[in-house]
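The sequence shown begins at 265 in the numbering used here and counts up one residue at a time.
Note that beta-carbon positions come from the ideal geometry of N, C-alpha and C, so glycine has one too.
All remarks here apply to the structure that follows.
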Amino acid sequence: MRVLVADDHEMVREGVKAVLRFEDGIEIVGEAKNGLDALRLARDLMPDAIIVDNRMPGLSGLEVARRVIRDLPMTAVVMLTFDADVRDLALAAGVSAVVLKGAPSGELVRAVRGLAGKPKRRSPGRRERDRLYAGSVFALSGAIEAKQAGRPIEIARLAGAARRLAERLGRGEVEAERIELAVLLRDIGKVGLPESILTKRGPLEPAERQQLRSHVALGTEILAGSEALRDLAPFVRHHHEHYDGSGYPDGLKGDAIPLGAQIVGLLDAYNGIVSPRSYKQGFPSAFAINQLALGAGRDFAESLVTALFDLSRTEPGYLAEPEEYKSRPR
Numbered sequence: 265m266r267v268l269v270a271d272d273h274e275m276v277r278e279g280v281k282a283v284l285r286f287e288d289g290i291e292i293v294g295e296a297k298n299g300l301d302a303l304r305l306a307r308d309l310m311p312d313a314i315i316v317d318n319r320m321p322g323l324s325g326l327e328v329a330r331r332v333i334r335d336l337p338m339t340a341v342v343m344l345t346f347d348a349d350v351r352d353l354a355l356a357a358g359v360s361a362v363v364l365k366g367a368p369s370g371e372l373v374r375a376v377r378g379l380a381g382k383p384k385r386r387s388p389g390r391r392e393r394d395r396l397y398a399g400s401v402f403a404l405s406g407a408i409e410a411k412q413a414g415r416p417i418e419i420a421r422l423a424g425a426a427r428r429l430a431e432r433l434g435r436g437e438v439e440a441e442r443i444e445l446a447v448l449l450r451d452i453g454k455v456g457l458p459e460s461i462l463t464k465r466g467p468l469e470p471a472e473r474q475q476l477r478s479h480v481a482l483g484t485e486i487l488a489g490s491e492a493l494r495d496l497a498p499f500v501r502h503h504h505e506h507y508d509g510s511g512y513p514d515g516l517k518g519d520a521i522p523l524g525a526q527i528v529g530l531l532d533a534y535n536g537i538v539s540p541r542s543y544k545q546g547f548p549s550a551f552a553i554n555q556l557a558l559g560a561g562r563d564f565a566e567s568l569v570t571a572l573f574d575l576s577r578t579e580p581g582y583l584a585e586p587e588e589y590k591s592r593p594r
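Structure follows, in structure tokens:
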């Protein structure tokens, strides 16, 4: 079995090679230190298997896996990751095996050996795989919300508010539904972040803040892997842009920011104010809306903040929160 190894850390690559070097019938034919090199070498070498790290510069391991599965059906993919939460998402995308970093070396050997008995062409079919992948994305998004102390019932209510805002601003049913779903999946890219950042008490260090910002790019990659979710990607990528151009990742300004992304960003900010965290209490809806109004014209379009205020007056159920939810830190 001819194997390609891809990891941005030389020590990990050397470790994988050391584990497999003396295994009968396994030959290491190449190694890559980033996602783009991994794809190039996979296409050039046509290995029987590629062992790929989930977190790599250029392209994530998950994106490399999707492209290999799509373009090289004779190459199996084994993913290495520190994140147990990634497992279901990777398997739904068609990865043959997932091995946690730090696991006994025998697990990697068994994963690679186990490929010999598996059919080269993947099953289920593309449509079924896409359905499974999309389902895993939603499940994983829920797990991320739970880590950040979000509650599914509150997040679902927030998504409903996004739909109503879109409808009030003249968007059709299809786009309103996409915006609603984008609220649910806005932080899916945080699956690639260390839990220490997601659960940290107090302010982040500059390097941690920069790492946190990378979640929108990874979220875009994850959604792009599903035909059913691909149209949500711009709303997720740009939901931290600011109306005055001071946001990220692309510094979009004004109406260059998709309206769906503006709505997702506004409700994400609202959720950040009303939600209790381990380091702060939650605040009432009225307080949150007043705080958001201070950023009208700078962080958010004035018309959007006005629409949120009107929604809170005429349909308060979308934004109301239980007393214990808004006032008790968890």
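- Annotation: Gly561 is outside any alpha helix (DSSP H) and is labelled neither H nor E by DSSP.
- Leu448 and Phe402 do touch by the CB rule: their CB atoms are close to 7 Å apart, below 8 Å.
- A residue is called buried when at least 16 other Cβ atoms come within 10 angstroms of its Cβ; Val438 does not meet this threshold and is exposed.
- Excluding five sequence positions before and after Ala296, the CB atoms of its chain that fall closer than 6 Å to its own CB belong to Ala270, Ala302, Leu305, given in chain order.
- C-alpha of Gly366 to C-alpha of Phe346: approximately 8 Å in a straight line.
- By the criterion of at least three beta-carbon pairs nearer than 8 Å, the stretch 470-477 is not in contact with the stretch 518-534.
- The continuous beta strand (DSSP E) containing Leu268 extends over residues 266-270.
- Contact between Val283 and Leu372 is confirmed by a C-beta separation of about 6 Å, below the 8 Å threshold.
- Taken through DSSP and simplified to helix, strand or coil, Glu491 comes out as coil.
- Secondary structure note for Asp508: it is in no alpha helix (DSSP H), with a DSSP letter that is neither H nor E.
- Contact between Asp563 and His506 holds: their C-beta atoms lie close to 5 Å from each other, under 8 Å.
- Beta bridge pairing from DSSP links Thr570 with no other residue.
- Listed in chain order, the alpha helix (DSSP H) elements of length 4 or more contained wholly in the stretch 409-453 are 416-432, 437-449.
- Under a 10 Å Cβ-count criterion, Leu468 is classified as exposed, with fewer than 16 other Cβ atoms of the shown protein chains found around its own Cβ.
- At the C-beta level, Ala471 and Glu444 stay beyond 8 Å of one another.
- Fewer than three Cβ pairs drawn from the stretch 429-436 and the stretch 482-499 lie within less than 8 Å of each other, which leaves the two stretches out of contact.
- Per DSSP, Gly294 lies in no alpha helix (DSSP H) segment; the continuous beta strand (DSSP E) that holds it begins and ends at 291-296.
- Boundaries of the beta strand (DSSP E) harbouring Val341: 340-345, taken from the DSSP string.
- Looking at the backbone, the Cα of Ala375 and that of Val342 are separated by about 7 Å.
- Judged by DSSP secondary structure, Ala361 falls within the beta strand (DSSP E) whose first and last residues are 361-364.
- Taking all protein chains shown into account, Met338 has fewer than 16 neighbouring C-beta atoms within 10 Å of its C-beta and is therefore exposed.
- For Arg319, the secondary structure class from DSSP, reduced to helix, strand or coil, is coil.
- Here DSSP, grouped into helix, strand and coil, assigns Ile314 to strand.
- By the criterion of a C-beta distance shorter than 7 Å, Ala354 is surrounded in its chain by Leu326, Ala329, Met343, Val362, once the five residues flanking it on both sides are discounted.
- The alpha-carbon separation between Leu572 and Ala520 amounts to approximately 20 Å.
- Assigned with DSSP and collapsed to three states, Lys544 falls in strand.
- In this chain, the alpha helix (DSSP H) harbouring Val283 covers 274-284.
- In this structure, the CA atom of Pro548 is about 10 Å from the CA atom of Asn554.
- In its chain, beyond the 5 residues on either side, Asp352, Leu353, Ala356 have a beta carbon closer than 6 Å to the beta carbon of Ser400.
- Closest option to Arg450, judged by alpha-carbon separation, among Ala426, Phe499, Glu431, Gly358: Phe499.
- With fewer than 16 other Cβ atoms inside 10 Å of its own Cβ, Thr463 counts as exposed.
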